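With the sequence shown counted from 1, adding 127 to any position gets you my numbering. Glycine included, each C-beta is placed from N, C-alpha and C at the ideal position. All figures in this text were calculated on a predicted structure; none of them were measured in a lab. Take a look at the structure below.
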Amino acid sequence: MPDASAPAGKLSEVEGIKRASRQLRGGIARSLQDGGDRFVEDDAQLLKTHGIYQQYDRDTATPRKKQGLDREYQMMARLRVPGGRLDPDQYLALDTMAADLGNTSLRVTTRQTFQFHGVVKGDLHALIHRVNRQMLTTVAACGDVVRNVMATPAPIADSIHATLNRVAREVSVYFEPRSTAYHEIWVDGEPVDSGDGWAKQDEPIYGEVYLPRKFKIALAHADDNSVDVFCNDVGIVALFDGDDLQGFNVLAGGGLGMTHNKPKTYPRLASPLLFVEPEGLIGAVEAIVKVQRDRGDRSDRKHARLKYTIDDMGLPAFKAAVDAMAGRSYAPPRPMPRFRIVDHRGWHTQGDGRWYLGVPIPSGRIIDVPGGAQYRTALRTVVDRYRTPVVLTPQQDVILADIRDEDRAALEADLRAHGLVMNDDLAPLERWALACPALPTCGLALTEAERVRQPIVASVLERLQAHGLGEEAISLRITGCPNGCARPYAGDIGLVGRMPGHYALYVGGDFEGTRLSNRLLDKVAEADIPAVLDPLFAVYAAERQAVEGFGDWCNRLGTERLRRIIGEALPAVAI
Ligand code: SRM
Ligand code: SF4
128 MPDASAPAGK LSEVEGIKRA SRQLRGGIAR SLQDGGDRFV EDDAQLLKTH GIYQQYDRDT
188 ATPRKKQGLD REYQMMARLR VPGGRLDPDQ YLALDTMAAD LGNTSLRVTT RQTFQFHGVV
248 KGDLHALIHR VNRQMLTTVA ACGDVVRNVM ATPAPIADSI HATLNRVARE VSVYFEPRST
308 AYHEIWVDGE PVDSGDGWAK QDEPIYGEVY LPRKFKIALA HADDNSVDVF CNDVGIVALF
368 DGDDLQGFNV LAGGGLGMTH NKPKTYPRLA SPLLFVEPEG LIGAVEAIVK VQRDRGDRSD
428 RKHARLKYTI DDMGLPAFKA AVDAMAGRSY APPRPMPRFR IVDHRGWHTQ GDGRWYLGVP
488 IPSGRIIDVP GGAQYRTALR TVVDRYRTPV VLTPQQDVIL ADIRDEDRAA LEADLRAHGL
548 VMNDDLAPLE RWALACPALP TCGLALTEAE RVRQPIVASV LERLQAHGLG EEAISLRITG
608 CPNGCARPYA GDIGLVGRMP GHYALYVGGD FEGTRLSNRL LDKVAEADIP AVLDPLFAVY
668 AAERQAVEGF GDWCNRLGTE RLRRIIGEAL PAVAI
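This is how it looks when you write it as structure tokens:
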């Protein structure tokens, strides 16, 4: 593979692990046979490409350390579900697996798939084996490959939605690694350590060492950007004339991860790169993936995403490299309509005589809350009773599809009987809030996120309501660190874990996900978040232009003016 043109520099450790891994086998199979509660570090790295992260319970780590005990190791396993589509039997089987082998919860991710948490090493093989028996997979859900491909979630029976979902599946399958390591280890019976006898597969797209870093792809059309298409390494925007697919605009170089105080790392939205006719789409994406394979930075993983490759080369040079890789000259991107976001929660017609219901799931955590809503039991009951296919949404919610008109009332009553609230019961801020898992499972979390979502949303909503803004559609996204897993730099308000109990405050993005926000304040104590936002809400309520979103208003005023507004109202706040 032509790695020679990659930027010079000492290869990162992960590159060495991948190269020595016998196409992602490493010592995983042997380690599964040997038992123990964890994998060695090299195998933990390789496991990511198998969809598995080695984690430990951060809540118990410090008390256990004081008692001289080791961490409680546990695995997170992530599925790859293109477009988030599951049939009823798959959903029910996954729910049973979470109860049998995980921490009982299924967690809807911001990229339309499920994560199992709390799987002990001894149960991992059984879990992944059972996942595959459902014709599902975890391969390439994580790691330095193309990951789960997202698509607009609405199960609407028209050619636009059918096309987006078909293409998402095709792209997802096309970019699966060809190595048979995953199947040998997890699918073909007992784990097999193929030792020296392993069969090397041709990896025509990825080559010997796969990609320099994770690679994300999403599909959207401008009328529904629920997937946040600009946040992806490759964003694919389908352009239709009525029902006729004209082709795709391909955007490249989106990504949000950054590190506090390291200005060389930054969030970036994807840039429109080219237009391609329908039949040429996969070839165009393959060319982009291969240019990133060859030109991406393999020495510094913090500088290895496609966004840095593009910024280092310059967009025109990158486009020329893509053209050369594909052996054709792609047309420039076509003008795109204004992007919109659709609320898929609540009841909607599918266009084929059936209905779909979007069910709000706070932080995507499907669990029976002790003394609270029984999300798991409720969803299990209705999926079983009404045989509804399930769609996982980029907003961490669940869509139940194919519902007959005569079943609507009873189905909703079943959900409510288990304590679930429906979309209409929620204020827009509650509907549009996202939070990443953070503590206690995420090893990178600096602060809480999922566990403080409810109190933060409630306190901010109270301030909005005080200014008559309770019905404003404002997106609030909370993460426990700057990696950006709940896309905090792409909504109206982002709260980004900074240090324990403190968040950086981002504003000025837009609800439609087409503009990045800016850091307004660096370290806001969790308890001060509503007080800091309050003066902004007051001036926004008084001075905004007609139908001006909060993020748009913040962007119009600019960071300096917003800081002055806060400073005048709260002189004690460090700006
Ligand atoms: Fe993420 C790492 C969770 C979407 C950027 N992300 C992680 C890990 C695996 C932590 C780790 O590396 O040890 C987190 C596991 C936590 C846990 O306990 O489950 C994690 N990311 C998630 C999920 C589950 C958040 C959620 O609330 O749903 C999302 C799973 C998506 C999926 O199904 O594949 C998730 N992560 C995202 C997104 C949003 C998106 O893609 O639309 C981003 C920002 C976009 C991007 O990729 O730039 C994102 N995650 C990161 C990064 C920063 C990457 C970078 O370029 O710097 C990391 C850290 C890393 O890769 O080193 C990370
Ligand atoms: Fe973990 Fe940070 Fe991602 Fe949250 S944003 S899941 S804390 S890596």
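Judged by their CB atoms, residue 352 and residue 255 are not nearer to each other than the 7 Å cut-off. Per DSSP, the unbroken alpha helix (DSSP H) holding residue 252 starts and ends at 248-260. Uninterrupted alpha helix (DSSP H) stretches at least 4 residues long and entirely within the segment 193-237 occur at 215-228, given in chain order. In the three-state reduction of the DSSP assignment, residue 361 falls in the strand class, which pools E and B. Taking the Cβ of residue 465 as the reference point, every heavy atom of the ligand SRM lies at 6 Å or farther away. Just so you know, the alpha carbons of residue 669 and residue 640 end up roughly 25 Å apart. By the neighbour-count definition (other C-beta atoms within 10 Å, threshold 16), residue 173 is a buried residue.
Residue 695 counts as exposed, since fewer than 16 other C-beta atoms from the protein chains shown sit within 10 angstroms of its C-beta. Each of 231, 286, 227, 314 was checked against the Cα of residue 262, and the nearest Cα belongs to 314. Rounded to whole angstroms, residue 434 and residue 252 show a C-alpha spacing of 36 Å. The beta carbon of residue 592 lies closer than 7 Å to none in the same chain, with the five residues before and after it left out. Per DSSP, the unbroken alpha helix (DSSP H) holding residue 502 starts and ends at 502-513. Not one heavy atom of the ligand SRM is found less than 6 Å from the C-beta of residue 636. Judged by DSSP in its simplified three-state form, residue 337 adopts coil rather than helix or strand.
Going by beta carbons, residue 359 and residue 381 fall inside the 7 Å limit. By the 16-neighbour rule on beta-carbons within 10 angstroms, residue 310 is exposed. Scanning its chain for C-beta atoms nearer than 6 Å, with the 5 sequence neighbours on each side dropped, one finds around residue 680 the residues 667, 671, in chain order. Contact between the segment 605-618 and the segment 637-656 is present, with at least three C-beta pairs closer than 8 Å. Bridge pairing for residue 633: 621, 646 [DSSP]. Within its own chain, the residues whose Cβ lies closer than 8 Å to the Cβ of residue 675, once the five positions on either side in sequence are excluded, are 683, listed in chain order. Taking all protein chains in view, the Cβ of residue 585 is surrounded by fewer than 16 other Cβ atoms within 10 Å, so the residue is classified as exposed.
Residue 384 has its CB nearer than 6 Å to a heavy atom of the ligand SRM. Take the alpha-carbon of residue 687 and the one of residue 612: they are about 27 Å apart. The residue among 340, 312, 272 with its C-alpha nearest the C-alpha of residue 159 is 312. The segment 249-319 contains, as complete alpha helix (DSSP H) runs of 4+ residues, the segments 286-301 (chain order). A buried status is given to residue 425, since no fewer than 16 other beta-carbon atoms sit within 10 Å of its beta-carbon.
Proximity to residue 532 across 452, 525, 480, 258 peaks at 480, based on C-alpha coordinates.
DSSP places residue 436 in the uninterrupted alpha helix (DSSP H) bounded by 433-440.
Residue range 677-684 is occupied by the alpha helix (DSSP H) that includes residue 680. A direct Cα-Cα distance of roughly 45 Å separates residue 396 from residue 324. Residue 180: member of the beta strand (DSSP E) spanning 179-183, first to last residue. Relative to residue 275, the option among 343, 330, 304 whose CA is nearest is 343. Non-local C-beta neighbours of residue 349 in its own chain, meaning closer than 6 Å and more than five positions away in sequence, comprise 463, 464, 466, ordered along the chain. With at least 16 other beta carbons inside 10 angstroms of its own, residue 271 counts as buried. Judged by DSSP secondary structure, residue 601 falls outside any alpha helix (DSSP H); it is assigned neither H nor E.
Counting along the chain, the unbroken alpha helix (DSSP H) around residue 410 starts and ends at 408-422.
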